[in-house]
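Report on the structure given below.
Numbering (my numbering), first residue to last: 1 to 197.
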């Protein structure tokens, strides 16, 4: 008797890599995209114009791993930049995109594209950040990454702002943020931070 083959299943799905700063989100995104390339899948990586810490054509991780990427000024430009036949799309720093990103990611996954999104799920005030809550709600897979708390060495989930003001978007690094656990997190007060600096 001939065995029936299971029906072909689309690879379309949404994977979200979330967590605080210094938790390895970009490293994990690059790792997954590299594996897709090894599997000979057509992959593209994108990052927002807001994140100007590295060259615009490179996605650079904290441990200096790099991958070719396209810098785009929002969801509409990302959609226009998608290559024909793309199979895997990686998006870094998703919290800086507009809310339309959720609809585009759903559209891509529904059409058979594997979408891997990395971003901060919370801002420095521990509030949901940009499109990340919506992306996490529609994703098949959500991974919460943790850093190491600089105060106690425990698992850190929060991005503690230590300087720079109270605007939600402040692109920075160790000069402006620390990884903190729940017990060591302190609400940011600009006046105290400025006087201490």
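All residues carry an ideal CB built from backbone N, CA and C; glycine is no exception.
query, result
"Identity of the residues DSSP links to residue 71 by a beta bridge", "47"
"Rounded straight-line distance, which links the Cα of residue 22 to that of residue 29", "14 Å"
"Pair within 8 Å by beta-carbon distance, residue 138 and residue 88", "no"
"Between the CA atoms of residue 59 and residue 86 - distance to the nearest angstrom", "18 Å"
"Distance between residue 33 and residue 45 (C-alpha atoms, nearest Å)", "8 Å"
"Residue from 140, 132, 135 and 125 with nearest C-alpha to residue 178", "125"
"Beta bridge counterpart(s) of residue 188 as assigned by DSSP", "Partner(s): none; residue 188 has no beta bridge."
"Residue 120 classed as buried or exposed, judged by whether at least 16 other C-beta atoms fall within 10 angstroms", "buried"
"Beta-carbon spacing of residue 94, residue 135 below 8 Å", "yes"
"Proximity winner among 18, 98, 41 and 149, relative to residue 122 (alpha-carbon distances)", "18"
"Residue 132, DSSP secondary structure in three states", "helix"
"Distance CB(residue 65)-CB(residue 27) smaller than 8 Å", "yes"
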